[in-house]
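Trainee: One structure, as C-alpha cells, below. Some questions next.
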Amino acid sequence: MWSRSSSARRQVSAPDSDPEKVLRQVQELSDWLVANPHVNGCNTFENLHFFLRTAKYDVERTKKKLKTFYQMRAERTEWFDNRDPHLPEIQELLQLGVFLPIGTDSEKRMVVVIRTAAHDPKKHTQNNVFKTSKMILDLLLKLDPESCAEGMVAILDMQGVQLGHALQLNPKLIKRSVESWTAYPCQPKLLEFTNSPRHVNIFLNTFRIFMTPKIRSRVMVRREGTSVNCTQLPKELGGQGPSYAELAIKWKQLLEENSDFYVEQDKYKSKLK
C-alpha cells in the first residue's frame, strides 16, 4: 500500500471522476505493479496519479503507458543509464542549452524550446543530446506535474542547422526519438519548427513516417517566429522572457542540485527477458 502526502491528496481531482474513484484507480494500478514486478515502475501515489491523469483516468490505458514507458527506459540504455549531471559531456550540453523549458502557454500547457542545432555534431553525439534533454524533461515532470499533465508544446528552433546535424539523425535514431515522445506520459500537443531552412520538409518527412496520424497533425513549420502564446518566450523568439543563455544557466543549476533524483530514477526500468 502506498502512502500519500497532504499535497498529493489535494491533487486528487478529475474532470470526470470523483476523488474516491480516483483513489481506487490508483490503488488498482499500485496492485498491478506489485503483481507485475518485471515492469519495475515507480509505485508512489504521485507517479501513478500523474500517469492516470494523462491517460484520461482510463486504468487499462494507464497500464499500457506504464509498461511502454518503463520498457523504453530499460531498452534505451544510451539515454537512461549513468545519468550524472556532472559528466563532462552532459555539462557541455547543459551549458549550450539544447532543451529549455520556459513556462506555460495561454492554454496552461508546458512550453519547451528544443534547440536542434545548438550542439556541434563533430563534438557531441545525438544520443547524448537526447540523454540530456530527457534528464531535463524528467526533472520538469517532477517539478511541475500540473502543467505537464496538460500536455507539452515544443518549439524546435532550427537556427544554425547544418548538414552535420541532419546526418546525425539516421532513420533508426529518428524512429526511436519519435517513439520516445509517445512513450512519455505527457503528450506533445504541438511540435512547431521555426527558423527552418528551405528544404526542411525533406528532412521532416523521415520523422513523419514514424509519427501517428495524431502527432503528424500537430506538426507546424515556420520560417521564423512562433505562433505559441506564452508570456515567457525567450528574447531569441521575439518574447520578453529570459534569454537562451539565462535559461541554460537555470536548468544546469537545477540538474546539479537534483543529482540524487537521477540516482533514484535509475531504479525504475523494466526487467527485460
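Be aware that the sequence shown starts at 167, since it is given in our numbering, and climbs by one per residue. Just so you know, even glycine gets a beta-carbon here, dropped at the ideal spot from N, CA and C.
In or out: Glu226 buried (at least 16 other Cβ within 10 Å) or exposed?
Mentor: It counts as exposed.
Trainee: Tell me the residue span of the beta strand (DSSP E) that contains Met276.
Mentor: Run containing Met276: 276 to 281, per the beta strand (DSSP E) assignment.
Trainee: By the DSSP assignment, the alpha helix (DSSP H) with Gly330 in it spans what residues?
Mentor: Per DSSP, Gly330 belongs to the alpha helix (DSSP H) from 329 to 334.
Trainee: Report the start-end ranges of each beta strand (DSSP E) in the segment 262 to 327 that is 3 residues or longer and not cut off at the edges.
Mentor: The segment 262 to 327 contains these whole beta strand (DSSP E) runs: 265 to 270, 276 to 281, 318 to 323.
Trainee: Tell me, to the nearest whole angstrom, how far the beta carbon of Cys276 is from that of Val319; I am working on the premise that it is less than 8 Å.
Mentor: Sequence inspection shows Met at residue 276; the Cys mentioned does not correspond to that position. Yes, Met276 and Val319 are in contact; Cβ-Cβ is about 7 Å, under 8 Å.
Trainee: Could you give the DSSP three-state label for Asn213: helix, strand or coil?
Mentor: Reduced to three states, the DSSP call for Asn213 is helix.
Trainee: Among Ile321, Glu358, Val188, which one has its Cα closest to the Cα of Tyr410?
Mentor: Minimum Cα distance to Tyr410 is reached at Ile321.
Trainee: Assess, as a yes-or-no matter, whether the segment 367 to 382 is touched by the segment 341 to 354 under the definition of 3 or more beta carbon pairs within less than 8 Å.
Mentor: Yes: the two stretches touch, three or more of their Cβ pairs being nearer than 8 Å.
Trainee: Which residues in the same chain have their Cβ closer than 8 Å to the Cβ of His365, if we skip the five residues on either side of it in sequence?
Mentor: Nothing listed; no residue qualifies.
Trainee: Mind checking Ser299: buried by the 16 CB within 10 Å criterion, or exposed?
Mentor: It counts as buried.
Trainee: Going by CA-CA distance only, name the one from Val394, Ala414, Gly269 that's closest to Leu259.
Mentor: Nearest C-alpha to Leu259: Ala414.
Trainee: Mind pulling the alpha helix (DSSP H) runs of 4 or more residues that sit fully within the segment 339 to 420?
Mentor: Segments of the alpha helix (DSSP H) lying fully in the segment 339 to 420: 366 to 376, 379 to 382.
Trainee: Would you call the segment 308 to 317 and the segment 261 to 281 touching, i.e. three or more CB-CB distances under 8 Å?
Mentor: The segment 308 to 317 vs the segment 261 to 281: in contact.
Trainee: How many angstroms separate the CA atom of His215 from the CA atom of Val192?
Mentor: The alpha-carbon atoms of His215 and Val192 are separated by roughly 6 Å.
Trainee: Which stretch, first to last residue, makes up the alpha helix (DSSP H) that contains Arg227?
Mentor: Here the alpha helix (DSSP H) through Arg227 covers 225 to 241.
Trainee: Sorted by chain position, which residues of the same chain lie with C-beta nearer than 8 Å to Leu333's C-beta, five sequence neighbours on each side aside?
Mentor: Within the same chain, Leu333 has close Cβ partners Pro287.
Trainee: What residues in its chain sit with their C-beta under 7 Å from that of Ala221, if we drop five residues either side in the sequence?
Mentor: Contacts found: Arg227, Thr228, Lys231.
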